[in-house]
Amino acid sequence: MKKPSRSQITRTSKKLASTPSVKKKKKKKKLDRKPHEVFVELNELVVDKNQEMHWRETARWIKFEEDVEEDTARWGKPHVASLSFRSLLELRKTIAHGAVLLDLEQTTLPGIAHLMVETMIISDQIRAEDRANVLRALLLKHRWGARLWREAKGMGTSSLLFCILPWQKNLHLHNTEGHRKYLKLMEKIPEDAEATVVLVGCVQFLEQPTMAFVRLNEAVFLESVLEVPIPVRFIFVLLGPSQANMDYHEIGRSISTLMSDKHFHEAAYMADDRQDLLNAINEFLDCSIVIPPSEVEGKDLLKSIATFQKLLLRKRKERDPALRAPPELCEVKAEEEEEEAEDDPLKRTGIFFGGLVRDIKRRYPKYLSDIRDALHSQCLAAVLFIYFAALSPAITFGGLLGEKTEGLMGVSELIISTSVLGILFSLLGAQPLLVIGFSGPLLVFEEAFYKFCQTQGIEYLTGRVWIGLWLIVFIFIIVAAEGSFLVRYISPFTQEIFAFLISLIFIYETFYKLYKVFAEHPLLKFYPPNAMQPNTALLSLILMLGTFFIAFFMRKFKNSRFLGGKARRIIGDFGIPISILVMVLVDYTITDTYTQKLNVPSGLSVTSPHKRGWFIHPMGSSGTFPMWMMFASAIPALLVFILIFMETQITTLIVSKKERKLLKGSGFHLDLLLIGTMGGLCALFGLPWLTAATVRSVTHVNALTVMSKAIAPGEKPKIEEVKEQRVTGVLIATLVGLSIVMGNMLRQIPLAVLFGIFLYMGVTSLTGIQLYERLLLIFMPSKHHPDHIYVVKVKTWRMNLFTCIQLACIVLLWVVKSTVASLAFPFVLIMTVPLRRFVLPRFFHDRELKALDSEDAEPNFDEDGRDEYNELHMPV
Numbered sequence: 001m002k003k004p005s006r007s008q009i010t011r012t013s014k015k016l017a018s019t020p021s022v023k024k025k026k027k028k029k030k031l032d033r034k035p036h037e038v039f040v041e042l043n044e045l046v047v048d049k050n051q052e053m054h055w056r057e058t059a060r061w062i063k064f065e066e067d068v069e070e071d072t073a074r075w076g077k078p079h080v081a082s083l084s085f086r087s088l089l090e091l092r093k094t095i096a097h098g099a100v101l102l103d104l105e106q107t108t109l110p111g112i113a114h115l116m117v118e119t120m121i122i123s124d125q126i127r128a129e130d131r132a133n134v135l136r137a138l139l140l141k142h143r144w145g146a147r148l149w150r151e152a153k154g155m156g157t158s159s160l161l162f163c164i165l166p167w168q169k170n171l172h173l174h175n176t177e178g179h180r181k182y183l184k185l186m187e188k189i190p191e192d193a194e195a196t197v198v199l200v201g202c203v204q205f206l207e208q209p210t211m212a213f214v215r216l217n218e219a220v221f222l223e224s225v226l227e228v229p230i231p232v233r234f235i236f237v238l239l240g241p242s243q244a245n246m247d248y249h250e251i252g253r254s255i256s257t258l259m260s261d262k263h264f265h266e267a268a269y270m271a272d273d274r275q276d277l278l279n280a281i282n283e284f285l286d287c288s289i290v291i292p293p294s295e296v297e298g299k300d301l302l303k304s305i306a307t308f309q310k311l312l313l314r315k316r317k318e319r320d321p322a323l324r325a326p327p328e329l330c331e332v333k334a335e336e337e338e339e340e341a342e343d344d345p346l347k348r349t350g351i352f353f354g355g356l357v358r359d360i361k362r363r364y365p366k367y368l369s370d371i372r373d374a375l376h377s378q379c380l381a382a383v384l385f386i387y388f389a390a391l392s393p394a395i396t397f398g399g400l401l402g403e404k405t406e407g408l409m410g411v412s413e414l415i416i417s418t419s420v421l422g423i424l425f426s427l428l429g430a431q432p433l434l435v436i437g438f439s440g441p442l443l444v445f446e447e448a449f450y451k452f453c454q455t456q457g458i459e460y461l462t463g464r465v466w467i468g469l470w471l472i473v474f475i476f477i478i479v480a481a482e483g484s485f486l487v488r489y490i491s492p493f494t495q496e497i498f499a500f501l502i503s504l505i506f507i508y509e510t511f512y513k514l515y516k517v518f519a520e521h522p523l524l525k526f527y528p529p530n531a532m533q534p535n536t537a538l539l540s541l542i543l544m545l546g547t548f549f550i551a552f553f554m555r556k557f558k559n560s561r562f563l564g565g566k567a568r569r570i571i572g573d574f575g576i577p578i579s580i581l582v583m584v585l586v587d588y589t590i591t592d593t594y595t596q597k598l599n600v601p602s603g604l605s606v607t608s609p610h611k612r613g614w615f616i617h618p619m620g621s622s623g624t625f626p627m628w629m630m631f632a633s634a635i636p637a638l639l640v641f642i643l644i645f646m647e648t649q650i651t652t653l654i655v656s657k658k659e660r661k662l663l664k665g666s667g668f669h670l671d672l673l674l675i676g677t678m679g680g681l682c683a684l685f686g687l688p689w690l691t692a693a694t695v696r697s698v699t700h701v702n703a704l705t706v707m708s709k710a711i712a713p714g715e716k717p718k719i720e721e722v723k724e725q726r727v728t729g730v731l732i733a734t735l736v737g738l739s740i741v742m743g744n745m746l747r748q749i750p751l752a753v754l755f756g757i758f759l760y761m762g763v764t765s766l767t768g769i770q771l772y773e774r775l776l777l778i779f780m781p782s783k784h785h786p787d788h789i790y791v792v793k794v795k796t797w798r799m800n801l802f803t804c805i806q807l808a809c810i811v812l813l814w815v816v817k818s819t820v821a822s823l824a825f826p827f828v829l830i831m832t833v834p835l836r837r838f839v840l841p842r843f844f845h846d847r848e849l850k851a852l853d854s855e856d857a858e859p860n861f862d863e864d865g866r867d868e869y870n871e872l873h874m875p876v
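Just so we're aligned: the sequence shown equals residues 1 to 876 in the UniProt record's numbering.
As structure tokens, then:
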């Protein structure tokens, strides 16, 4: 095919401009070169049983390819398109010699087709006498494939048209299965998307292939061309004889795949001439991989291919500055970064309580919107879900706290503390999405301080009052000095150690408590008549494991393929309450075997009314509290402060990540002041200290996250918005407080069931911790290691050395926790910060530490939003 000269194109343009339809000159509009999201539809020329030709949709692209399965007449699964290298070369050749019409000012399909055909004639691709035949082929009717062909079997032609053209004017759409799948498809396409129509096929009246690539000046709606009401911006046509050594279907797939590629379709929008398109194809080829003819088996080989392609993409970006962001985008990005820096909640002002004042000025003006934004059904669902997520740990930790303190604090105190502090924090906090609750490290401290008071003959609850008063002092000093900025220095090194240790504590407590049950109810060779003691230990084991496995598999069921997406999410979200209910019923039906139950008082009574009341006198109840201990309480208060500071600030950092797209901001200083001050006052009433609970807070944010439905099928869901408000937190805390009246029901819960919940919390918390993943890699051959950045950029033995250093820190912390020096546990934990900052850089390179501190995984949103698209791939 001969490339048309510039003079030929000019003559054609003048000739076409002289036609009656375009005699009046219009003012030239400014070209719209802004790239849009692209929907691509591949249509092929086919002959039906009546020997009539028509265009039929055979594939579509919303980032990934979906093909019509001919046997089952449905859409196949979305997949990454695999292209033949020859089809790409043929495509490049046709574009190099075919007709390229950029910024065409036409609004109808006949007008576009007329210009294409005239350009084909001028470029010597077709003969003048073929004009009518080619034009007739381009204007043939379009019919669509998988979506409605199965329905068409029971309909007439007119009914079919009503279904397949629902967007056309004056057409009524039947309430059919096809209509529902049509709406689902439309939800997946971004609002500003523009379409690319690819038309390929064989015709016998041509002697050689002919091609045209058209970019319209403005995207226009072309009736009866697409299956969806999307304005068309690009049209690609390839027609030719069957005897030509060319696979039209594969070339159609190739241009469709290129147009769905982000970099190519951006180049197509910005192209000034044919050469720009060819350069974009060359760039695509540079980052494509050719696999030699062979049988490829095993996922590891596919992973190696993906790794190699990532390397090619990175090299291309480093090699070609043109692929980097243009100057105007860099300026916009710089302005955004400057605005973010100005609004940085951890930025110091240099004024006493300056950070606190900035938090109040930033967050409280949005108070009314915090009420309005709660008027959404998703907020109600989040309340019901997080209520159980908050109540279950309160009951579990309350039962264990009652054992550790011999009933001085238990379930009642923890439920009331969780309720009252939760309501106050939701009303006053800078980040009301945080869920306030008890935690494993605080349980360790309470146990250690109780043992210390027992050995020293000091009243435990009175000692907590003085710790609380000192805690308030420390909180005010840190907030006044804007000390929350110190959280920047808590690297993933320390966070991973902290998270891993909490998980270990959960798992250890579970089996230690079970061991005590077996010790109290041993298995003997001979038992007294009517003795059922051995059954207590065995039933406790069954209840614990049953609770764990039900909760664990409910969590797995959420992302399975059974039932619908909404049903799976409901079952998965309520896995813990369901597991507790099932195993409580199992215990209830076994009446002849004793199991230890949860100790819950009636009404608003304290756990042990004979030991204490609701107010704790600062000077002691049974005797004068030692004067030296009033001042010495500053030391354990400092340790409690470290725990509250670390958990609260790290949780706020996790919740406030950019990926979560929170818009109203947060306030580290204000939240720390509220949690610390309320915790200090709680000690006067014998209530436990609380902190921001990481897992519950992240779950709360996830439950309020609205996922965008306009995503490519098979692609990870993206966050559209988060319902940032205060109402859900208030309602959750209120419901937790009202649970105190359910004392009769709570007293039916065996402690073994709570052991199972503890085991579940420990095991599930391990997943996602990079330290745990690297620990597993020690026992895995390097060839099976995943392609994480800390694996690729760090030598295996050095990565394992880093892991062993973290394990040594965990062992040291565990030893400290288990000895008389257990009160020093938070201090030893905070010493891992200078270890990472000042010591490790002497043994590891900066690039290695940066890779080991990286976070490969994105926030886990439980794949909400992906399930709905599965319905699009079922038969009609």
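We put the CB at the ideal spot given by N, CA and C, even for glycine.
{"Check": "Considering just the uninterrupted stretch of the alpha helix (DSSP H) at Ala382, what are its terminal residues?", "Outcome": "377-404"}
{"Check": "Would you tell me roughly how many angstroms separate the C-alpha atoms of residue 927 and Thr819, rounded to the nearest one?", "Outcome": "Residue 927 is absent from the model: the chain starts at 1 and stops at 876."}
{"Check": "Could you check where the alpha helix (DSSP H) with Val753 kicks off and where it finishes?", "Outcome": "751-766"}
{"Check": "How many angstroms separate the CA atom of Tyr869 from the CA atom of Leu115?", "Outcome": "Reliability fails at Tyr869, whose pLDDT of 29 lies under 50, so the model's placement of it is uncertain and the value that follows must be treated cautiously. So the two alpha carbons sit approximately 39 angstroms from each other."}
{"Check": "Whole angstroms is fine: what's the gap from Glu863's alpha carbon to Thr694's?", "Outcome": "In this prediction, Glu863 scores a pLDDT of 37, lower than 50, which makes its location untrustworthy; the coordinate-derived value is nonetheless stated afterwards. Their Cα atoms are separated by approximately 20 angstroms."}
{"Check": "Relative to the alpha-carbon of Met544, which residue among Gln275, Pro750, Gly399 has its alpha-carbon at the smallest distance?", "Outcome": "Pro750"}
{"Check": "My assumption, with CB atoms under 8 angstroms, is that Val68 sits in contact with Trp75. Please give the rounded CB distance.", "Outcome": "6 angstroms"}
{"Check": "Counting C-beta neighbours from all protein chains within 10 Å, is the total for Tyr760 16 or more, i.e. buried, or is it exposed?", "Outcome": "buried"}
{"Check": "Using 7 angstroms as the threshold, is the C-beta distance between Gly667 and Arg363 below it?", "Outcome": "yes"}
{"Check": "Using the Cα positions of Ser708 and Thr764, report the straight-line distance between them to the nearest angstrom.", "Outcome": "27 angstroms"}
{"Check": "Is it true that the CB of Ser392 sits closer than 7 angstroms to the CB of Ile251?", "Outcome": "no"}
{"Check": "Buried or exposed for Asp671, please, with buried defined as at least 16 other CB atoms from any protein chain shown within 10 angstroms of its CB.", "Outcome": "buried"}
{"Check": "Excluding the five sequence neighbours on either side, which residues of its own chain have a C-beta within less than 7 angstroms of the C-beta of Val640, listed in chain order?", "Outcome": "Phe445, Ile467, Leu471, Trp689"}
{"Check": "To the nearest angstrom, how far is the alpha carbon of Pro78 from that of Ser84?", "Outcome": "18 angstroms"}
{"Check": "Which one or two residues does DSSP pair with Val290 in a beta bridge?", "Outcome": "Note: Val290 sits in no beta bridge, so no partner."}
{"Check": "What distance in whole Å lies between the Cβ atoms of Leu746 and Val411, which are believed to be in contact at a cut-off of 8 angstroms?", "Outcome": "7 angstroms"}
{"Check": "Do the CB positions of Val722 and Thr734 come within less than 7 angstroms of each other?", "Outcome": "no"}
{"Check": "If we ignore side chains and look at the alpha-carbon of each, how far apart do Pro781 and Asp261 end up?", "Outcome": "36 angstroms"}
{"Check": "Whose C-beta lies closer than 6 angstroms to the C-beta of Ser419 among residues of the same chain, with five residues either side of it excluded?", "Outcome": "Ala733, Val736, Gly737"}
{"Check": "Are the beta-carbon atoms of His669 and Val479 separated by less than 7 angstroms?", "Outcome": "yes"}
{"Check": "Buried or exposed: where does Ala567 fall if 16 or more other Cβ atoms within 10 Å of its Cβ makes it buried?", "Outcome": "exposed"}
{"Check": "Which residues does DSSP pair with His114 in a beta bridge?", "Outcome": "DSSP, once it has assigned bridges, lists no residue as partnering His114."}
{"Check": "Entirely within the segment 802-833 and at least 4 residues each: give me those alpha helix (DSSP H) ranges in chain order.", "Outcome": "825-830"}
{"Check": "Would you mind working out which of Ile415, Phe388, Ala219 sits nearest Leu401, comparing C-alpha positions?", "Outcome": "Ile415"}
{"Check": "If you follow the beta strand (DSSP E) that Asp359 is in, where does it begin and where does it stop?", "Outcome": "First-last for Asp359: 354-363, but that is the alpha helix (DSSP H), not the beta strand (DSSP E)."}
{"Check": "Tell me whether Asn43 is buried or exposed, calling it buried when 16 or more other Cβ atoms sit within 10 Å of its Cβ.", "Outcome": "buried"}
{"Check": "If you draw a straight line from the C-alpha of Val701 to the C-alpha of Phe474, how long is it?", "Outcome": "30 angstroms"}
{"Check": "Name the DSSP bridge partner or partners of Arg74?", "Outcome": "Glu69"}
{"Check": "In whole angstroms, what separates the C-alpha of Arg488 from that of Val833?", "Outcome": "10 angstroms"}
{"Check": "What is the DSSP secondary structure of Met646, reduced to helix, strand or coil?", "Outcome": "helix"}
{"Check": "I'd like the ranges of any alpha helix (DSSP H) spanning at least 4 consecutive residues and lying wholly in the segment 676-755.", "Outcome": "694-703, 727-738, 743-746"}
{"Check": "With which residues is Leu238 paired in a DSSP beta bridge?", "Outcome": "Val200, Met211"}
{"Check": "Can you tell me where the alpha helix (DSSP H) holding Thr94 begins and where it ends?", "Outcome": "85-97"}
{"Check": "Assuming contact is defined by CB atoms lying nearer than 7 angstroms, are Ile757 and Thr396 in contact in what I supplied?", "Outcome": "yes"}
{"Check": "With H, G and I counted as helix, E and B as strand and the rest as coil, what does DSSP make of Phe39?", "Outcome": "strand"}
{"Check": "Name, in chain order, the residues that DSSP records as bridge partners for Met630.", "Outcome": "For Met630, which the question treats as bridged, DSSP gives no partner whatsoever."}
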